[in-house]
């Protein structure tokens, strides 16, 4: 009887210890990586792999049934890459779960698609040992982008902003901004473009409104920071 009580107490202690750890859902269809990542995570004193899912359906089911803290996900599942990316959105519909992408894929469009779907971090498998610290940060709500993709994300954001500028600006407005950015005054710009004073004022007002600034010079500086002039130079060369 005494032995049974000691055993029950030990089991209860182990269960409390297990519950205090960060519970991780691993979504990966590769058995080799399943073993490697389980060994890595379970070796950490404050986290463990709670469940391994190999496809979209099992990942969704686990997120519904289990008490999970963080998800590690490789979008390359058995069926398709798109199915893997869809898993992110489907899981997030069920619960607010920090999702870390851990994959061999390194194409900028896939990285951006994963982040837009709701992932909070993206790590390539060549740096898989960094995933433990990423899990800890995600659990604490302090996740920062891994160096693998930080520069790619910044470049993609810059590209989106430049495309947006090209979309909202007319050809004449782009010319005015470029010339102002090069240091020309408004009277000189007006003469160079062959437009009237009233037309110039209209363009300036529109530019200031579109950039939400107080002056054309400020708009020109903002356009320069967003790389608009570099883009224009490539177009005109």
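Residue numbers (my numbering): 6 to 242.
All residues carry an ideal CB built from backbone N, CA and C; glycine is no exception.
Quick one, are the C-beta atoms of residue i and residue j less than 8 angstroms apart?
i, j, result
"residue 76", "residue 32", "yes"
"residue 229", "residue 216", "no"
"residue 195", "residue 202", "yes"
"residue 213", "residue 181", "no"
"residue 51", "residue 141", "yes"
"residue 74", "residue 29", "yes"
"residue 117", "residue 169", "no"
"residue 91", "residue 61", "yes"
Using a Cβ-Cβ cutoff of less than 8 angstroms, which residues in the same chain neighbour residue i once the five nearest sequence positions on both sides are dropped?
i, result
"residue 253", "Here the chain comprises residues numbered 6 to 242, so residue 253 is not present and cannot be evaluated."
"residue 19", "Any answer about residue 19 is weak, because its pLDDT of 44 lies below 50 and its placement is not dependable; what the coordinates show is given next. Excluding sequence neighbours, residue 19 sits near nothing in its chain."
"residue 42", "31, 33, 54, 77, 107, 133, 136"
"residue 163", "231, 232"
"residue 145", "none"
"residue 99", "65, 68, 69"
"residue 190", "none"
"residue 22", "At residue 22, the pLDDT of 44 sits below 50, so the modelled position is not reliable and the matter cannot be decided from this model."
Ignore the nearest five residues each way along the sequence and tell me which others in residue i's own chain have a CB closer than 7 angstroms to its CB.
i, result
"residue 153", "127, 128, 129, 132"
"residue 241", "In this prediction, residue 241 has a pLDDT of 42, which is less than 50 and means its spatial position is unreliable; nothing more can be read from the coordinates."
"residue 13", "Interpretation of residue 13 is limited by its pLDDT of 48, a score under 50 that renders its predicted location unreliable; the figure taken from the coordinates is listed afterwards. The answer is none, since no qualifying residue turns up."
"residue 186", "225, 228, 229, 234"
"residue 223", "none"
"residue 25", "none"
"residue 184", "194, 197"
"residue 113", "157, 161"
"residue 173", "215"
"residue 167", "231, 232, 233, 236"
"residue 147", "none"
How close, in whole Å, do the beta carbons of residue i and residue j come, if the pair is a contact with beta carbons under 8 angstroms?
i, j, result
"residue 119", "residue 158", "Rounded, the Cβ-Cβ distance is 10 angstroms, inconsistent with contact."
"residue 81", "residue 89", "6 angstroms"
"residue 71", "residue 56", "6 angstroms"
Near residue i, what residues of its chain come up, given a Cβ to Cβ distance below 6 angstroms and the 5 sequence neighbours on each side ignored?
i, result
"residue 124", "93, 104, 106"
What are the uninterrupted segments assigned as alpha helix (DSSP H) that are 4 or more residues long and contained completely in the region 25-93, given in chain order?
-> Assignment of alpha helix (DSSP H) within the region 25-93, counting only whole runs of 4 or more residues, yields 36-47, 61-70 in chain order.
Examine the Cβ distances between the region 135-155 and the region 102-111 and report whether three or more of them are shorter than 8 angstroms.
-> Yes, since at least three Cβ pairs between the region 135-155 and the region 102-111 fall closer than 8 angstroms, the two stretches touch.
Where are the beta strand (DSSP E) runs, 3 residues long or more, that stay fully inside the region 88-156, in chain order?
-> Correct list: 104-108, 126-129.
Starting from the N-terminal side, write out each stretch of the alpha helix (DSSP H) that is 4 residues or longer and does not extend beyond the region 157-227.
-> List check, alpha helix (DSSP H) in window: 176-186, 191-198, 202-216.
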